[in-house]
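**Student:**
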Amino acid sequence: MQSTPLKRLCAALIGTALFLDGAYLISLNKIHLGTILPLLIGLGLLIFATFYPKIQILIHKTRFRNIIWRVGCLGFLLWSASVVCFFGYLQLATQNNTQPAPVKAIIVLGSGIENGQPSATLAQRLDQAAALAKQQPNVPLIMTGGLDFQEKFTEAEVMSKYVQQNFSISPTRIWLEDKSTSTDLNLKNSQPILAQLNIQLNEPIAIVTSDFHTLRAAAIARKQGYSHIITVAAPTPLINRYNSWLREYFAYASGWLFNEF
Numbered sequence: 004m005q006s007t008p009l010k011r012l013c014a015a016l017i018g019t020a021l022f023l024d025g026a027y028l029i030s031l032n033k034i035h036l037g038t039i040l041p042l043l044i045g046l047g048l049l050i051f052a053t054f055y056p057k058i059q060i061l062i063h064k065t066r067f068r069n070i071i072w073r074v075g076c077l078g079f080l081l082w083s084a085s086v087v088c089f090f091g092y093l094q095l096a097t098q099n100n101t102q103p104a105p106v107k108a109i110i111v112l113g114s115g116i117e118n119g120q121p122s123a124t125l126a127q128r129l130d131q132a133a134a135l136a137k138q139q140p141n142v143p144l145i146m147t148g149g150l151d152f153q154e155k156f157t158e159a160e161v162m163s164k165y166v167q168q169n170f171s172i173s174p175t176r177i178w179l180e181d182k183s184t185s186t187d188l189n190l191k192n193s194q195p196i197l198a199q200l201n202i203q204l205n206e207p208i209a210i211v212t213s214d215f216h217t218l219r220a221a222a223i224a225r226k227q228g229y230s231h232i233i234t235v236a237a238p239t240p241l242i243n244r245y246n247s248w249l250r251e252y253f254a255y256a257s258g259w260l261f262n263e264f
């Protein structure tokens, strides 16, 4: 069949791109579903392209194998379509990131540190938070994040230092929530700090996070009683943007299934 060489070529090209993408990011110690899955899918496509004739023989040996193969391919295509739809939904939901109205507090969600410095993703969040803090100079900032593996300082401490050094944000404006290890805990542990500041959950509170994370963060916040949320989306670095979005696809599905929001 004339389509056979084209199938193999497409599988080889897409497989190579996905495999290299996952392998490169994993080599940078970014190990999560958003990097592991592209690597595995890429490897599968490369195997398919390399051993296409033998695979076809195995598939068509019995009617049962052929049915299983077709069902598997259909399932993969439907799943791929759902990922594309989710990416489109994220893009539409975050593209109108207008300047937020005045808020009572700015909560910055952590996103990992590397060798005592904010990760590229976290730095984008902090840059966005600092810009908002400059525009609203009397608003307190709550930095959230506990101690990462093999790190000496908590995320909250590193985040505080970053905005002080890079944007001259006064330390008197910064509050640290340095025990949390998840979005749920970031927001839950921030509530006692808000209470200390005499800020109610029904008052306007900005939550600064990455573009892909705004939907889930807002949903979790609403479940915890935050009723006037203003999400501020920071762009995700292009190098790992779609890997992060893929990771969020599973996190969002998991949160929905397990009633996290």
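Under this note's numbering, the very last position in the sequence shown is 264; numbers go up by exactly one each time.
The beta carbon of each residue, even a glycine, is placed where N, CA and C say it ideally should be.
In this text the structure is predicted, and so the values were computed from the model without any measurement.
(1) If you count every other CB in all the chains shown that lies within 10 Å of the CB of Ile-34, and 16 or more means buried, which is it?
(2) Keeping to the same chain, check which residues put their C-beta closer than 6 Å to that of Glu-251; ignore five residues upstream and five downstream.
(3) Buried or exposed: where does Asn-243 fall if 16 or more other Cβ atoms within 10 Å of its Cβ makes it buried?
(4) Looking at Asn-189: is its Cβ nearer than 8 Å to the Cβ of Thr-217?
(5) Can you say whether Phe-267 is buried or exposed, counting buried as having 16 or more other CB atoms within 10 angstroms of its CB?
(6) Would you decide whether Ala-14 is buried or exposed? Buried here means 16 or more other CB atoms lie within 10 Å of its CB.
(7) Taking Cβ positions, are Pro-143 and Leu-200 nearer each other than 8 Å?
(8) Have a look at Thr-53, Pro-174, Pro-207, Val-87 and flag the residue whose alpha-carbon is nearest the alpha-carbon of Arg-225.
(9) Taking just the CA atoms, how far does Lys-57 sit from Arg-1?
(10) What did DSSP end up calling Ala-132 once you bin it into helix, strand or coil?
(11) Assuming Lys-182 and Gln-227 are in contact, meaning their beta carbons sit under 8 Å apart, how far apart are those beta carbons, in whole angstroms?
(12) Following the continuous beta strand (DSSP E) through Ser-247, name the residue where it begins and the one where it ends.
(13) Applying the 10 Å Cβ sphere with the 16-neighbour rule, what's the burial state of Ser-30?
(14) For Glu-180, write down the residues that DSSP places opposite it in a beta bridge.
**Tutor:** In brief:
(1) exposed
(2) Phe-215
(3) buried
(4) No, the pair does not count as a contact, with Cβ atoms beyond the cut-off.
(5) The shown model of the chain, from 4 to 264, leaves out residue 267, and the question about it has no answer.
(6) buried
(7) yes
(8) Pro-207
(9) Outside the displayed span of the chain (4 to 264) sits residue 1, for which this structure offers no information.
(10) Look at Ala-132 here: in three-state DSSP terms it is helix.
(11) Not really, about 16 Å apart at Cβ, beyond 8 Å.
(12) From DSSP, Ser-247 is part of no beta strand (DSSP E) but of the alpha helix (DSSP H) over 244-260.
(13) exposed
(14) Thr-147
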